[in-house]
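Numbering (this note's numbering), first residue to last: 100 to 325. Yeah, the Cβ is synthetic: ideal placement off N, Cα and C, and Gly gets one too. These notes are about the structure you will find just below.
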């Protein structure tokens with residue numbers, strides 16, 4: 100997880116970025132409910148990505164003036180939460196779908212990097228190449244196949260220990276083997292391994308800062324892979 104200060108900065112950025120929405124109906128929180136769970140339920144889409152759920156959760160938070168981590172985590176049973184109007188909800192979902200495959204995949208990867216407690220990291224050998232691989236636990240719902248080494252993202256650092264570049268696989272799986280996309284410090288997402296380096300998206304500055312910070316943190320927890 101990001102530290103509390105960085106997490107609040109990210110929330111501030113996202114709340115400023117999200118549109119103002121009209122108030123719809125109200126919902127009284129039940130025992131065990133959270134903003135995340137409420138957002139997931141209201142989207143009513145079993146295929147909704149983590150990034151879509153996260154953005155809709157923050158949209159609900161903005162509507163209810165829950166602008167700090169403490170306010171979001173301090174909700175209690177029977178607290179009344181206003182939900183965006185149907186029109187606002189549909190507009191938010193439509194906006195999320197304008198992302199390219201590369202941008203949507205990376206948005207989901209960012210949520211995984213911030214919230215998945217099964218993450219573990221290996222550093223490639225020799226250490227001098229400063230290459231790291233991030234994995235998590237994964238179960239295929241259709242086949243039941245389970246692994247603790249599901250690849251999330253690979254990245255490298257420069258000689259000063261700062262983020263240099265990263266590679267990841269897209270949801271559309273351009274290549275049957277290996278990664279589909281790369282990105283560097285400029286935030287441009289390009290197709291992996293192609294001569295012309297076709298651009299598939301752009302990471303905005305705040306998201307880039309979050310990714311760089313989190314990957315540099317994860318590098319400190321890496322185990323050497325011989």
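Beta carbon of residue 217 nearer than 8 Å to that of residue 324 = The sequence position of residue 217 within the chain shown is 118, counting from 1. The sequence position of residue 324 within the chain shown is 225, counting from 1. Cβ atoms of residue 217 and residue 324: not closer than 8 Å.
Candidates 158, 242 and 288: closest to residue 116 by CA position | Counting from 1 along the chain shown, the entry for residue 116 is found at position 17. Residue 158 is the option with its Cα nearest to residue 116.
Distance CB(residue 201)-CB(residue 269) smaller than 8 Å = Stepping through the chain shown from its first residue, residue 201 is reached at position 102. Stepping through the chain shown from its first residue, residue 269 is reached at position 170. Taking a C-beta distance under 8 Å as the contact criterion, residue 201 and residue 269 qualify as a contact pair.
Excluding sequence positions up to five away, which residues of its chain have a Cβ less than 6 Å from the Cβ of residue 305?
-> For the purposes of this step, residue 305 is taken as residue 206 along the chain shown, with counting starting at 1. Contacts found: 112.
Whole beta strand (DSSP E) runs in the segment 234-287 with 3 or more residues, listed along the chain?
-> Here the runs fully enclosed are 245-256, 262-267 and 280-283.
Apart from the five residues just before and just after residue 320, which ones in its own chain have a Cβ nearer than 7 Å to its Cβ?
-> Translated into the one-based positions of the chain shown, residue 320 becomes position 221. Hits under 7 Å: 220.
When the Cβ atoms of the segment 231-246 are set against those of the segment 150-170, are three or more pairs found closer than 8 Å?
-> No: fewer than three Cβ pairs fall under 8 Å.
Member of 286, 130 and 308 whose CA lies at the smallest distance from the CA of residue 298 | Sequence index remark: in the chain shown, residue 298 carries index 199 (1-based). Residue 286 holds the alpha-carbon nearest to the alpha-carbon of residue 298 among 286, 130 and 308.
Residue burial classification, residue 125 (beta-carbon count within 10 angstroms, cutoff 16) = Taking the first residue of the chain shown as position 1, residue 125 is located at position 26. Residue 125 comes out exposed.
For residue 118, the residue or residues it bridges with in DSSP = Reading the chain shown from its first residue, position 19 is the one you call residue 118. Looking at the DSSP assignment, residue 118 forms no beta bridge with any residue, so it has no partner.
Measure the C-alpha to C-alpha separation of residue 283 and residue 179 and round it to an integer number of angstroms.
-> Position 184 of the chain shown, counted from the first residue, corresponds to residue 283. Position 80 of the chain shown, counted from the first residue, corresponds to residue 179. Whole-angstrom Cα-Cα distance: 43 Å.
Straight-line CA distance for residue 281 to residue 174?
-> Here residue 281 refers to the residue found at position 182 of the chain shown. Here residue 174 refers to the residue found at position 75 of the chain shown. Their backbone Cα atoms lie some 40 Å apart in a straight line.
Could you tell me which of 107, 237, 223 and 289 sits nearest to residue 171, measuring between CA atoms?
-> The residue labelled residue 171 in the question sits at position 72 within the chain shown. Comparing alpha carbon positions, the residue from 107, 237, 223 and 289 closest to residue 171 is 107.
Is the beta carbon of residue 291 sitting closer than 8 Å to the one on residue 266?
-> The residue given as residue 291 occupies position 192 in the chain shown. The residue given as residue 266 occupies position 167 in the chain shown. Against a cut-off of 8 Å, the Cβ pair of residue 266 and residue 291 comes out as a contact.
Extent of the continuous alpha helix (DSSP H) run through residue 136 = Within the chain shown, residue 136 is the residue found at index 37, counting from 1. The continuous alpha helix (DSSP H) containing residue 136 extends over residues 134-142.
Span of the beta strand (DSSP E) around residue 180 = Numbered from 1 along the chain shown, position 81 holds the residue referred to as residue 180. Going by DSSP, residue 180 is part of the beta strand (DSSP E) stretching over 179-183.
When the Cα atoms are used, what is the spatial distance from residue 100 to residue 300?
-> Within the chain shown, numbered from 1, the residue matching residue 100 stands at position 1. Within the chain shown, numbered from 1, the residue matching residue 300 stands at position 201. Note that residue 100 scores 47 on pLDDT, short of 50, meaning its location in the model is unreliable; the coordinates nonetheless yield the value given after this. Each residue's alpha carbon lies about 25 Å from the other.
Grab me the residues of residue 274's own chain with a C-beta within less than 6 Å of its C-beta, minus the 5 sequence neighbours each way, in chain order.
-> Along the chain shown, one-based indexing puts residue 274 at 175. Setting aside the 5 residues that flank it on each side, residue 274 has no residue in the same chain whose C-beta is closer than 6 Å to its C-beta.
If we ignore side chains and look at the alpha-carbon of each, how far apart do residue 127 and residue 233 end up?
-> In the chain shown, the residue the question calls residue 127 occupies position 28. In the chain shown, the residue the question calls residue 233 occupies position 134. Computed Cα separation, rounded: 39 Å.
Compute the beta-carbon to beta-carbon distance between residue 340 and residue 211, rounded to the nearest angstrom, for a pair I have assumed lies under 8 Å.
-> Any question about residue 340 goes unanswered here, given that the chain covers just 100 to 325.
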